[in-house]
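Engineer:
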Amino acid sequence: EVQLLESGGGLVQPGGSLRLSCAASGFTFSNDAMTWVRQAPGKGLEWVSAIDGNFGTAYYADSVRGRFTISRDKSKNTLYLEMNSLRAEDAAVYYCAKGVMGAPTPGDAFDIWGQGTLVTVSS
Amino acid sequence: DIQMTQSPSSLSASVGDRVTITCRASQSISRYLNWYQQRPGKAAKLLIYAASSLQSGVPSRFSGSGSGTDFTLTITSLQPEDFATYYCQQSHSTPITFGQGTRLEIK
Chain E
1 EVQLLESGGG LVQPGGSLRL SCAASGFTFS NDAMTWVRQA PGKGLEWVSA IDGNFGTAYY
61 ADSVRGRFTI SRDKSKNTLY LEMNSLRAED AAVYYCAKGV MGAPTPGDAF DIWGQGTLVT
121 VSS
Chain P
1 DIQMTQSPSS LSASVGDRVT ITCRASQSIS RYLNWYQQRP GKAAKLLIYA ASSLQSGVPS
61 RFSGSGSGTD FTLTITSLQP EDFATYYCQQ SHSTPITFGQ GTRLEIK
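The listed protein sequences derive, respectively, from chains E and P.
Note that my numbering has the first sequence beginning at 1, numbered continuously upward.
Note that my numbering has the second sequence beginning at 1, numbered continuously upward.
(1) Can you look up E89 of chain E in the DSSP assignment and give me helix, strand or coil?
(2) With 7 Å as the limit, tell me which residues of the segment 83–105 of chain P have their beta carbon closer than that to any beta carbon of chain E; keep them in chain order.
(3) Alpha carbon to alpha carbon, how far is K98 of chain E from T120 of chain E?
(4) From this set, E:G114, E:P104, E:S123, which residue's C-alpha is nearest S21 of chain E's C-alpha?
(5) Rank P:L47, P:T5, P:S65, P:G68 by C-alpha distance to the C-alpha of L38 of chain P and give the top, closest one.
(6) Using a C-beta to C-beta distance shorter than 7 Å, which residues of chain P count as neighbours of A109 of chain E?
(7) Indicate whether the contact test is met: 3 or more Cβ pairs, each with one atom in the segment 4–16 of chain E and one in the segment 99–108 of chain E, closer than 8 Å.
(8) Going by the DSSP bridge assignment, what does L20 of chain E pair with across the sheet?
(9) What does a CB cutoff of less than 6 Å around E82 of chain E pick up in its chain, not counting 5 residues either side in sequence?
(10) I need the straight-line Cα distance from Q90 of chain P to L73 of chain P, nearest angstrom please.
(11) What do you get for I124 of chain E, buried or exposed, if any count of 16 or more other CB atoms within 10 angstroms of its CB means buried?
(12) Go ahead and pull the three-state DSSP assignment for K74 of chain E.
(13) Could you tell me the boundaries of the beta strand (DSSP E) in which K43 of chain E lies?
(14) Counting only beta-carbon atoms, is L79 of chain E nearer than 7 Å to chain P?
(15) Roughly how many angstroms separate the alpha carbons of S28 of chain P and A44 of chain P, rounded to a whole number?
(16) For A43 of chain P and chain E, any beta-carbon pair shorter than 7 Å?
(17) I want to verify the contact list: residues of chain P whose CB lies under 9 Å from the CB of W36 of chain E, in sequence order.
(18) To the nearest angstrom, report how far apart Y36 of chain P and S30 of chain E are at their CA atoms.
(19) Pop quiz: T97 of chain P and I2 of chain P are said to be a contact at Cβ under 8 Å. What is the actual Cβ separation, rounded to whole angstroms?
(20) For Q13 of chain E, tell me which candidate among E:T117, E:S85, E:V93, E:P106 has the shortest Cα-Cα distance.
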């Protein structure tokens with residue numbers, strides 16, 4: 001079965017750090033772009049970060065640039081999101097998603113999604 | 001950043017109805033527009049990519065059209081499982097942006 005499985009979410013204090021992982025199974029991680037999308041409680045979808053499949057170029061939303069780092073380990077079929085200096089507004093369910101293209105733009109679409117992992121930022 | 005605006009924000013309809021959701025981009029995005037369905041507590045599901053291409057496994061009652069700045073998602077003959085929230089998303093340029101969502105409810 002083709003799937004993505006996120007892990008690493010949890011409760012963290014403001015200013016703290018978390019590392020999210022997204023393990024792919026049932027398909028080869030290969031050269032597709034991979035993306036993190038988040039959804040705050042009761043809110044819509046927000047694109048967070050993406051990494052292209054060929055050169056490992058990283059892209060970030062302004063709201064997380066400088067605090068979050070996306071990376072991938074093709075040998076482990078795993079995507080990561082290192083989150084530092086977390087803020088209350090970062091609290092959300094974080095989804096990883098596989099793109100259908102090698103780069104996030106132009107033209108990518110997210111055809112496989114994980115089930116999400118919840119990040120709570122609170123003291 | 002490219003702003004994506006969906007209308008309506010919510011919509012009530014009955015099983016068997018035909019509904020149309022509109023998405024407008026703040027600048028031309030060619031046909032780099034995708035549509036997703038999200039049911040409560042679940043991840044989003046890709047329905048339409050490149051404005052009008054039906055994703056594999058998605059029922060043919062879903063269709064998309066448009067180019068430039070104006071796009072539509074049409075669902076013909078609504079089924080009970082179609083009551084969900086729908087999002088458009090542009091992949092013309094980063095930051096990738098989503099519309100605010102359209103909640104489709106049962107009348």
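C-beta atoms are modelled at their ideal positions from N, C-alpha and C, and glycine is treated no differently.
Every value quoted in this text rests on a predicted model; they were computed, and no experiment measured them.
Structural biologist: By the coordinates alone:
(1) Position 89 of the first sequence holds residue 89 of chain E. Helix, per DSSP.
(2) For the segment 83–105 of chain P, which is checked against every Cβ of chain E, the residues closer than 7 Å are Y87, S91, H92, S93, T94, P95, I96, T97, F98, Q100, G101.
(3) Taking the first sequence and counting its residues from 1, one reaches residue 98 of chain E at position 98. Taking the first sequence and counting its residues from 1, one reaches residue 120 of chain E at position 120. Looking at the two C-alpha atoms, the distance is approximately 24 Å.
(4) Here residue 21 of chain E corresponds to residue number 21 of the first sequence, with the count starting at 1. Here the closest residue by C-alpha is E:G114.
(5) Within the second sequence, the letter at position 38 stands for residue 38 of chain P. Residue 38 of chain P is actually Gln in this sequence, not Leu. Minimum Cα distance to Q38 of chain P is reached at P:L47.
(6) In the first sequence, residue 109 of chain E corresponds to position 109, counting from 1. Those are N34, L46, Y49, S91, listed as they occur along chain P.
(7) no
(8) Residue numbering aside, residue 20 of chain E sits at position 20 when the first sequence is read from its first letter. Note: L20 of chain E sits in a beta bridge opposite E:L81.
(9) Position 82 of the first sequence holds residue 82 of chain E. Around E82 of chain E: R19, T69.
(10) Locating residue 90 of chain P in the second sequence gives position 90, counting from the first residue. Locating residue 73 of chain P in the second sequence gives position 73, counting from the first residue. Going by the C-alpha atoms only, they are around 14 Å apart.
(11) For chain E, the structure presents residues 1 to 123; residue 124 of chain E sits outside this window and is missing.
(12) Taking the first sequence and counting its residues from 1, the one referred to as residue 74 of chain E is at position 74. DSSP places K74 of chain E in helix when its eight states are reduced to three.
(13) One-based indexing of the first sequence puts residue 43 of chain E at position 43. Going by DSSP, K43 of chain E is part of no beta strand (DSSP E) at all; its letter is neither H nor E.
(14) Position 79 of the first sequence, counting from 1, holds the residue named residue 79 of chain E. By this cut-off, L79 of chain E is not an interface position.
(15) Within the second sequence, residue 28 of chain P is the residue found at index 28, counting from 1. Within the second sequence, residue 44 of chain P is the residue found at index 44, counting from 1. In this model, S28 of chain P and A44 of chain P are separated by some 25 Å (Cα to Cα).
(16) Translated into the one-based positions of the second sequence, residue 43 of chain P becomes position 43. At least one chain E Cβ lies under 7 Å of A43 of chain P.
(17) Here the question's residue 36 of chain E lines up with position 36 in the first sequence. Per Cβ cutoff of 9 Å: no residues; W36 of chain E is ~11 Å from chain P at best.
(18) Within the second sequence, residue 36 of chain P is the residue found at index 36, counting from 1. Within the first sequence, residue 30 of chain E is the residue found at index 30, counting from 1. Each residue's alpha carbon lies about 24 Å from the other.
(19) In the second sequence, counting from the first residue as 1, residue 97 of chain P sits at position 97. In the second sequence, counting from the first residue as 1, residue 2 of chain P sits at position 2. Yes, T97 of chain P and I2 of chain P are in contact; Cβ-Cβ is about 6 Å, under 8 Å.
(20) Taking the first residue of the first sequence as position 1, residue 13 of chain E is located at position 13. Selected option, being the one with the closest Cα: E:S85.
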